[in-house]
Amino acid sequence: MTLARNDLDGYDLIGDVHGCGASLAVLLEKLGYRYREGVYRHPRRRVIFLGDLIDRGPRIRLALNIARDMVEAGEADIVMGNHEYNALAYSRRAPLEWAGEWLREHSPRHNRVINETLAQFRDHPQEWQSHLDWFMTMPLCLERDGLRAVHACWDRDLITPFLAQCPDGRMSEDFFYDSACPGTFAFRVMDRLTRGPSLPLPAGLRIHSGDGFTRTTFRAHFWAREPLTYGDVVFQPDNLPDDLENQPLSAEERQRLPYYGPEEPPLFIGHYWCEGVPALPAPNIACLDYSAVKYGRLVAYRWEGEQRLDANRFVWVDVAREGSAPPAPDDIALA
Numbered sequence: 005m006t007l008a009r010n011d012l013d014g015y016d017l018i019g020d021v022h023g024c025g026a027s028l029a030v031l032l033e034k035l036g037y038r039y040r041e042g043v044y045r046h047p048r049r050r051v052i053f054l055g056d057l058i059d060r061g062p063r064i065r066l067a068l069n070i071a072r073d074m075v076e077a078g079e080a081d082i083v084m085g086n087h088e089y090n091a092l093a094y095s096r097r098a099p100l101e102w103a104g105e106w107l108r109e110h111s112p113r114h115n116r117v118i119n120e121t122l123a124q125f126r127d128h129p130q131e132w133q134s135h136l137d138w139f140m141t142m143p144l145c146l147e148r149d150g151l152r153a154v155h156a157c158w159d160r161d162l163i164t165p166f167l168a169q170c171p172d173g174r175m176s177e178d179f180f181y182d183s184a185c186p187g188t189f190a191f192r193v194m195d196r197l198t199r200g201p202s203l204p205l206p207a208g209l210r211i212h213s214g215d216g217f218t219r220t221t222f223r224a225h226f227w228a229r230e231p232l233t234y235g236d237v238v239f240q241p242d243n244l245p246d247d248l249e250n251q252p253l254s255a256e257e258r259q260r261l262p263y264y265g266p267e268e269p270p271l272f273i274g275h276y277w278c279e280g281v282p283a284l285p286a287p288n289i290a291c292l293d294y295s296a297v298k299y300g301r302l303v304a305y306r307w308e309g310e311q312r313l314d315a316n317r318f319v320w321v322d323v324a325r326e327g328s329a330p331p332a333p334d335d336i337a338l339a
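The sequence shown begins at 5 in the numbering used here and counts up by one.
Next comes the structure, spelled out in structure tokens:
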């Protein structure tokens with residue numbers, strides 16, 4: 005039986021899983037969830053997944069089945085990550101009048117990102133299509149009982165008009181197709197909420213990222229009240245090249261960055277490939293992406309209504325190579 009929201013003791017928010025399905029099962033067990041009637045359940049709590057269930061990891065089917073079964077049974081909520089969105093765009097053909105064949109180009113870079121997911125579903129095409137259909141039902145952001153959750157960035161100036169169009173936070177088909185067109189409102193919403201703010205590097209400079217990609221931008225955060233330099237806003241594991249931490253932000257760059265103040269409700273995000281021991285970047289913000297698929301940590305936060313977050317409420321499992329992780333229940337479909 006699904007708990008009514010007023011019967012809950014709190015929420016367990018879980019960061020980017022990226023196909024670490026067996027580790028997800030271990031984390032849920034550690035949080036007190038038990039596998040009953042085909043779903044992980046807790047007598048007094050509910051999960052909120054922060055997106056990016058797919059890509060890169062060894063047990064993508066397992067991760068999807070665990071999370072989707074929980075959501076459909078009312079034991080969890082979820083927000084869309086950029087990898088779920090990318091999979092949708094990669095899988096949808098562009099309208100005939102568009103220049104490309106697909107909404108997301110099948111370039112070597114994009115092929116590499118989704119390759120592991122497609123490989124694990126190669127013999128299960130109908131199951132993969134069913135998951136793609138499910139991705140379309142994921143909200144881009146949500147508020148529950150005093151907390152907020154979004155994959156990468158809560159930008160009030162975009163979220164307010166977006167929710168006026170899509171009150172349940174779920175994009176329509178028209179919004180989805182518009183989001184593939186740079187410059188549209190839908191593109192700005194999708195880019196900001198699922199990828200977060202970024203700033204371009206000075207001409208000629210590159211970051212050779214730990215995930216094997218070369219980048220000309222860096223990820224920036226959105227909770228510095230009056231940032232002055234690149235170092236005040238950079239939020240990624242890769243170091244900036246040269247002495248760019250001391251590079252002054254221009255007025256235009258500062259204007260491009262949203263701001264989430266300390267008076268706002270507690271906010272939970274993923275996306276940013278943090279490393280080390282989980283810590284709070286701001287008193288009311290928790291990032292729960294700790295690079296699980298890079299043999300980092302799969303992290304949750306146990307929220308019980310507090311407005312000022314507490315680092316002691318982080319719970320995590322160290323992610324081993326999944327061949328040595330404890331098995332998930334036998335009746336979950338395994339990748």
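Don't be surprised by glycine CBs; every beta carbon is placed ideally from N, CA and C.
Margin query: So, at 8 Å on beta carbons, what are the nonlocal neighbours of T233 in its own chain, with the 5 sequence-adjacent residues on each side left out?
Written below: E249, N250, Q251, P252, L253
Notebook entry, point to check: Who are H212's beta bridge partners in DSSP?
Noted result: T218
Check: Grouping DSSP H, G and I as helix and E and B as strand, with all else coil, what is P204?
Finding: strand
Check: Does the segment 95-108 come close enough to the segment 60-70 that 3 or more CB-CB pairs lie under 8 Å?
Finding: no
Item checked: Test item: CB-CB of D314 and R301 under 7 Å -> no
Checklist line | Cutoff 7 Å; reference L17; Cβ partners in own chain excluding five residues on either side | finding: I52, L54, A153, F272, L292, A304, Y305, W307
Check: How is V321 classed by DSSP in three states: helix, strand or coil?
Finding: strand
Note to self: Suppose contacts are defined by Cβ-Cβ distances below 7 Å. Is D81 in contact with V43 by that definition?
What the structure shows: no
Item checked: Whether Y264 touches C278 by CB criterion (7 Å) -> no
Item checked: In DSSP terms, what Y39 is bridged to -> Y44
Notebook entry, point to check: Does the Cβ-Cβ distance between P360 and T221 come in under 7 Å?
Noted result: Only positions 5 to 339 of the chain appear in this structure, which leaves residue 360 out of reach.
Next item on the list: Quick one: using the 10 Å Cβ neighbour count with 16 as the cut-off for buried, is L100 buried or exposed?
Entry: exposed
Check: How about the segment 190-198 and the segment 140-157: do they share at least three Cβ pairs that are nearer than 8 Å?
Finding: yes
Check: Would you call the CB atoms of A93 and A190 closer than 7 Å?
Finding: no
Item checked: Buried or exposed (CB count within 10 angstroms, at least 16 for buried), T121 -> buried
Checklist line | Runs of beta strand (DSSP E) wholly within the segment 155-206 (minimum 3 residues, chain order) | finding: 202-204
Note to self: Using C-beta distances below 7 Å, list every residue in its chain close to A329, excluding the 5 sequence neighbours before and after it, in chain order.
What the structure shows: Low per-residue confidence applies at A329: pLDDT is 47, beneath 50, and the placement is therefore not dependable enough to give any value.
Note to self: In the DSSP output, what is D16 paired with across the bridge?
What the structure shows: V51, R306
Item checked: Whole-angstrom C-beta distance between G208 and G85, which should lie under 8 Å -> That pair is no contact at about 32 Å.
Notebook entry, point to check: What three-state label does DSSP hand V263 in the structure shown?
Noted result: For clarity, residue 263 is Tyr in the given sequence; the question names Val instead. Y263 falls in the coil class under three-state DSSP.
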